[in-house]
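Written below as structure tokens is the structure these notes are about.
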Amino acid sequence: MLDDDGMDMDAETYTITPKGLYLDEDDWIEKKWGTEQIIHNEDHCVKIMAIKPNCKVSYHWHSKKAETFILISGQLVVEVQLQDATKEIIYLTEQFQSITLMPNVPHTFYTPNEKSAIFIEASTHDDTDDSFRITSSTCPGDE
625 MLDDDGMDMD AETYTITPKG LYLDEDDWIE KKWGTEQIIH NEDHCVKIMA IKPNCKVSYH
685 WHSKKAETFI LISGQLVVEV QLQDATKEII YLTEQFQSIT LMPNVPHTFY TPNEKSAIFI
745 EASTHDDTDD SFRITSSTCP GDE
């Protein structure tokens, strides 16, 4: 099969996720703040993430990973630390609203109310050794 540029597209040039958008419960990774499912993680990474109401992900940064958060439902607050050490708060309140964070930008994200937030994280490759936590995640009831 040829693409629009006349290049040959064989099975090695694309991947189809067999499940589509029907996600198996067993594929979700439980986190203190909610759940995530890794759809793809090779040269780039795609995750679906759900944050529980009033939970906050750890304040952290990545030395290599650039990431974009795309809101699907709910509301998401993204707090970033700027180069001058001041913090900026960005509110994602509309479906498909997004923010992109470059490497070495300390950040956290959380729900501002009693509703969960569901969003897509699209990023460069995700490596657990590339997450540097400044604070821990928090949720209601933490001691």
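When we follow the working numbering, the leftmost residue of the sequence shown carries the number 625, and every step to the right adds one.
Just so it is clear, CB atoms sit at the ideal spot from N, CA and C, and this is done for glycine as well.
These numbers come from a predicted model, not from an experiment.
At what residues does the beta strand (DSSP E) containing residue i begin and finish?
{"i": "Ser665", "result": "The displayed chain sequence assigns Asn, not Ser, to residue 665. It spans Gly658 to Asn665 - the beta strand (DSSP E) in which Asn665 sits, taken as one unbroken run."}
{"i": "Met673", "result": "His668 to Ile675"}
{"i": "His731", "result": "His731 to Tyr734"}
{"i": "Phe720", "result": "No beta strand (DSSP E) holds Phe720; DSSP gives it neither H nor E."}
{"i": "Val681", "result": "Where Val681 is concerned, there is no enclosing beta strand (DSSP E), given that its DSSP letter is neither H nor E."}
{"i": "Leu695", "result": "Glu691 to Ser697"}
{"i": "Lys739", "result": "Counting along the chain, Lys739 falls outside any beta strand (DSSP E), and DSSP gives it neither H nor E."}
{"i": "Ile758", "result": "No beta strand (DSSP E) contains Ile758, which DSSP labels as neither H nor E."}
{"i": "Leu700", "result": "Leu700 to Gln705"}
{"i": "Lys655", "result": "Ile653 to Lys655"}
Quick one: Cα of residue i to Cα of residue j, how far?
{"i": "Asp746", "j": "Gly765", "result": "Residue identity differs from the one stated: residue 746 is Ala in this sequence, not Asp. One C-alpha to the other measures close to 30 Å."}
{"i": "Thr759", "j": "His731", "result": "10 Å"}
{"i": "Val581", "j": "Gln707", "result": "Here the chain has residues from 625 to 767 only, and residue 581 is not among them."}
{"i": "Ile744", "j": "Lys711", "result": "23 Å"}
{"i": "Val776", "j": "Ile713", "result": "Since the displayed the chain opens at 625 and closes at 767, residue 776 lies outside it and no answer follows."}
{"i": "Asp753", "j": "His668", "result": "16 Å"}
Quick check on the burial criterion: 16 or more other C-beta atoms within 10 angstroms. Buried or exposed for residue i?
{"i": "Tyr683", "result": "buried"}
{"i": "Thr717", "result": "exposed"}
{"i": "Met673", "result": "buried"}
{"i": "Ser761", "result": "buried"}
{"i": "Ala709", "result": "exposed"}
{"i": "Tyr734", "result": "buried"}
{"i": "Lys689", "result": "buried"}
{"i": "His664", "result": "exposed"}
{"i": "Ile653", "result": "exposed"}
{"i": "Asp807", "result": "A query on residue 807 cannot be resolved here, the shown segment of the chain reaching from 625 to 767 and no further."}
In this structure, how does DSSP classify residue i when only helix, strand and coil are distinguished?
{"i": "Thr752", "result": "helix"}
{"i": "Lys711", "result": "strand"}
{"i": "Ser747", "result": "strand"}
Is there at least one non-hydrogen atom of the ligand ZN closer than 7 Å to the beta-carbon of residue i?
{"i": "Glu712", "result": "By its list of ligands, the structure shown contains no ligand whatsoever, and the ligand ZN lies outside what it can speak to."}
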